[in-house]
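Scroll down for the structure; my scribbles are underneath it.
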Amino acid sequence: MALRRPMVAGNWKMNGSRQLAQELMKKFSRLKDDSAEVVICPPTVYLESASQLLENSKQELDGRLVRLGAQNVSHHEFGAYTGEVSASMLREFGCKYVIIGHSERRRMYGETSDIVANKFEMAQKLGLTPILCVGESLAAREARRTFEVIAGELDAVIERVGTMAFDNAIIAYEPLWAVGTGKSATPEQAQEVHAFIRQRLSEVSPFIGEKIRILYGGSVKPSNAADLFSQPDVDGGLIGGVSLNASEFMALCDIA
Ligand code: PEP
Numbered sequence: 001m002a003l004r005r006p007m008v009a010g011n012w013k014m015n016g017s018r019q020l021a022q023e024l025m026k027k028f029s030r031l032k033d034d035s036a037e038v039v040i041c042p043p044t045v046y047l048e049s050a051s052q053l054l055e056n057s058k059q060e061l062d063g064r065l066v067r068l069g070a071q072n073v074s075h076h077e078f079g080a081y082t083g084e085v086s087a088s089m090l091r092e093f094g095c096k097y098v099i100i101g102h103s104e105r106r107r108m109y110g111e112t113s114d115i116v117a118n119k120f121e122m123a124q125k126l127g128l129t130p131i132l133c134v135g136e137s138l139a140a141r142e143a144r145r146t147f148e149v150i151a152g153e154l155d156a157v158i159e160r161v162g163t164m165a166f167d168n169a170i171i172a173y174e175p176l177w178a179v180g181t182g183k184s185a186t187p188e189q190a191q192e193v194h195a196f197i198r199q200r201l202s203e204v205s206p207f208i209g210e211k212i213r214i215l216y217g218g219s220v221k222p223s224n225a226a227d228l229f230s231q232p233d234v235d236g237g238l239i240g241g242v243s244l245n246a247s248e249f250m251a252l253c254d255i256a
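Position 221 (the sequence shown) corresponds to 221 in UniProt numbering; numbering is contiguous.
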């Protein structure tokens, strides 16, 4: 088995239904035996039924790794925070992963790198594995500030959590100009940034640099996945739009 098992994670965003979870579970029993680890991140209200479905499909899955993730988490442990959901609640709902710092949350809900670092810390403290999203805007790329932006987003977490922050975490490189736009990064662009992230983390800990999984996200589809996923530092994908189509999502899982 390779040091880094590929992963394909589906971020449904505010889409999907119970029926989609059922459709996916049926298909997952047809995953290859040595397939990528598959994660679905439905809206919070569907987590409990998805968790139940997973439990009921255990036999058909026969050891294939299919797991649940949440799309967001509170940076508070518990208390008077109306509308928020805590990491321990997500654990109780069967989640192993949580997406943190997605560009939509940074952009539309004012999540600063500081808040993102707090969420990352709380998720790990309560037993969830963060999938940390990082990525540059088009303006930053055009100004040749891509590496600076990504380094800043990684450093905010390392400064808060410490040098072992990424010992139990996944990173998703999601250039903002590629998320939901239909315009993916080229395999070379993705590889360049993934190699930078790995190098940066290797400087903190060579062991972590080598073992951390770095996913690419941004308009991945069956027609471009093979080229993206075959890059040496790309360990799979974080998938938005295509994760809502059970057949296409399965195709991505097979490609990874
Ligand atoms: C995402 O939302 O994380 C994402 C990558 O979306 P899409 O695949 O639709 O670009």
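Just so you know, even glycine gets a beta-carbon here, dropped at the ideal spot from N, CA and C. What you are looking at is a predicted structure, and each value in this text was computed from that prediction instead of being measured.
8 Å contact criterion, which residue i and residue j should meet: CB distance rounded
i, j, result
"tyrosine 97", "threonine 129", "5 Å"
"glycine 83", "cysteine 41", "Incorrect: roughly 19 Å between the Cβ atoms, too far for contact."
"alanine 36", "arginine 5", "7 Å"
"proline 187", "arginine 141", "Wrong, their Cβ atoms sit about 16 Å apart, outside the cutoff."
"valine 38", "leucine 65", "7 Å"
"isoleucine 255", "alanine 226", "5 Å"
"tryptophan 12", "serine 202", "33 Å between Cβ atoms; not a contact."
"leucine 47", "glycine 94", "7 Å"
"glutamine 199", "asparagine 168", "That belief does not hold up - the Cβ atoms of glutamine 199 and asparagine 168 are roughly 20 Å apart, past 8 Å."
"leucine 54", "methionine 25", "7 Å"
"glycine 79", "proline 43", "Between proline 43 and glycine 79 the Cβ distance is about 23 Å, and since that is not below 8 Å, they are no contact."
Helix, strand or coil at residue i according to DSSP, with G and I counted as helix
i, result
"lysine 58", "helix"
"glycine 218", "coil"
"proline 130", "strand"
"glycine 152", "helix"
"arginine 213", "strand"
"leucine 90", "helix"
"lysine 183", "coil"
"leucine 228", "helix"
"leucine 31", "coil"
"arginine 67", "strand"
"lysine 96", "strand"
"valine 8", "strand"
"glycine 241", "helix"
"valine 234", "coil"
"glutamate 37", "strand"
"tyrosine 173", "strand"
"threonine 112", "coil"
"histidine 75", "coil"
"asparagine 168", "helix"
Exposed unless 16 or more other CB atoms sit within 10 angstroms - verdict on residue i
i, result
"lysine 119", "buried"
"valine 45", "exposed"
"methionine 250", "buried"
"tyrosine 173", "buried"
"methionine 103", "The residue you asked about is not methionine; residue 103 is serine in the sequence shown. Its Cβ being crowded by 16 or more others within 10 Å, serine 103 is buried."
"aspartate 33", "exposed"
"tyrosine 216", "buried"
"glutamate 111", "buried"
"phenylalanine 28", "buried"
"proline 59", "Before going further, note that residue 59 is glutamine rather than proline in the sequence given. Exposed is the call here."
"alanine 143", "exposed"
"arginine 106", "buried"
"leucine 138", "exposed"
Residue i beta carbon near the ligand PEP (any heavy atom closer than 7 Å)
i, result
"alanine 178", "yes"
"leucine 215", "no"
"leucine 138", "no"
"glycine 16", "no"
"isoleucine 239", "yes"
"asparagine 11", "yes"
"histidine 194", "no"
"valine 45", "no"
"glycine 162", "no"
"glycine 218", "yes"
"valine 242", "yes"
"histidine 102", "yes"
Sub-8 Å separation of residue i and residue j beta-carbons
i, j, result
"isoleucine 115", "histidine 75", "yes"
"phenylalanine 166", "isoleucine 212", "yes"
"glutamate 121", "valine 73", "no"
"isoleucine 214", "isoleucine 158", "no"
"isoleucine 150", "glycine 69", "no"
"arginine 145", "glutamate 153", "no"
"alanine 195", "aspartate 235", "no"
"alanine 185", "glutamine 231", "no"
"proline 222", "glutamate 248", "yes"
"alanine 156", "glycine 218", "no"
"valine 85", "glycine 237", "no"
Below-8 Å beta-carbon distance, residue i vs any chain C residue
i, result
"serine 137", "In summary, chain C is missing from the structure at hand, where a single protein chain is found."
Residue i CB to nearest heavy atom of the ligand GDP below 7 Å
i, result
"glutamate 174", "The ligand content of the structure shown is limited to the ligand PEP, which means the ligand GDP is not among them."
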